[in-house]
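Everything on this sheet refers to the single structure shown next.
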Amino acid sequence: MAAVLEYLTAEVLELAGKVARDNNKTRVTPRHIQLAVRTDKVLRKLLSSVTISEGGVLPHIPAELLPKESGGSGLRGAGGSRSPRLHGRGARVPHCGSAGARRQSGARQQDSGHAASHPASRAHRQGAEEAALQCHHI
92 MAAVLEYLTA EVLELAGKVA RDNNKTRVTP RHIQLAVRTD KVLRKLLSSV
142 TISEGGVLPH IPAELLPKES GGSGLRGAGG SRSPRLHGRG ARVPHCGSAG
192 ARRQSGARQQ DSGHAASHPA SRAHRQGAEE AALQCHHI
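Quick note: the sequence shown uses my numbering, first residue 92, plus one each step.
Put into structure tokens, the structure is as follows:
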């Protein structure tokens, strides 16, 4: 009986040590033991009814929630994207002919508060206006 327990302990600690090393840790935690036991087929069956305190759960994301891989055959690859293009720091510049581009090429809207006087917001606004002007070839 002692030999079996010694073997099981050595097996669990070896697998948990590998999990800890994979996570760049030098100390084995209950989480590492849980991951080691639940990823090993034989140990999972043996310890299926055991709860490891502070072990957490196995990570699992259903396939339906994962982003779909683009095959490159969609409209984006052909340049037919309907969404506004991103310029600079994530600023959205409206497509030529859209209502947003026409509004931006018209009179400047007055902003109130601190954001209007901030140099970064002024530069962002000027960049959007320049893009709208270039878009309309003015």
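Glycine included, each C-beta is placed from N, C-alpha and C at the ideal position.
* Run through DSSP, which three-state label would Gly146 get? -> Coil.
* To do: Identify, in the order they occur along the chain, each residue of the same chain with its Cβ nearer than 6 Å to the Cβ of Leu134, setting aside the five sequence neighbours on each side.
  => Excluding positions up to five away in sequence, the list reads Val128.
* Asked: Would you call the CB atoms of Gly147 and Gln125 closer than 9 Å?
  -> Contact annotation: Gly147 and Gln125 have beta-carbon atoms nearer than 9 Å.
* Please look up how many angstroms separate the CB atoms of Asp131 and Leu106, rounded, as I've assumed it's under 8 Å. => With 8 Å as the limit, Asp131 and Leu106 qualify as a contact, their Cβ atoms being about 6 Å apart.
* Asked: Does Lys132 have its Cβ less than 9 Å from a Cβ in chain C?
  -> In the structure shown, chain C does not exist; there is a single protein chain.
* Could you check if Ala94 is buried or exposed, using at least 16 other CB atoms within 10 Å of its CB as the buried criterion? => Exposed: under 16 other Cβ atoms inside 10 Å.
* Asked: Around the Cβ of His151, are there at least 16 other Cβ atoms within 10 angstroms (buried) or fewer (exposed)?
  -> Per the 10 Å Cβ criterion, exposed.
* To do: For the alpha helix (DSSP H) holding Arg118, just list the boundary residues, first then last.
  => First-last for Arg118: undefined, no H or E at that position.
* To do: Might you give, ordered along the chain, the residues of its own chain that have their beta carbon closer than 6 Å to the beta carbon of Lys136, omitting 5 neighbours on each side?
  => Taken in chain order, the list of residues that qualify is empty.
* **Cβ neighbour criterion (16 or more within 10 Å) applied to Ala154** => So Ala154 counts as exposed.
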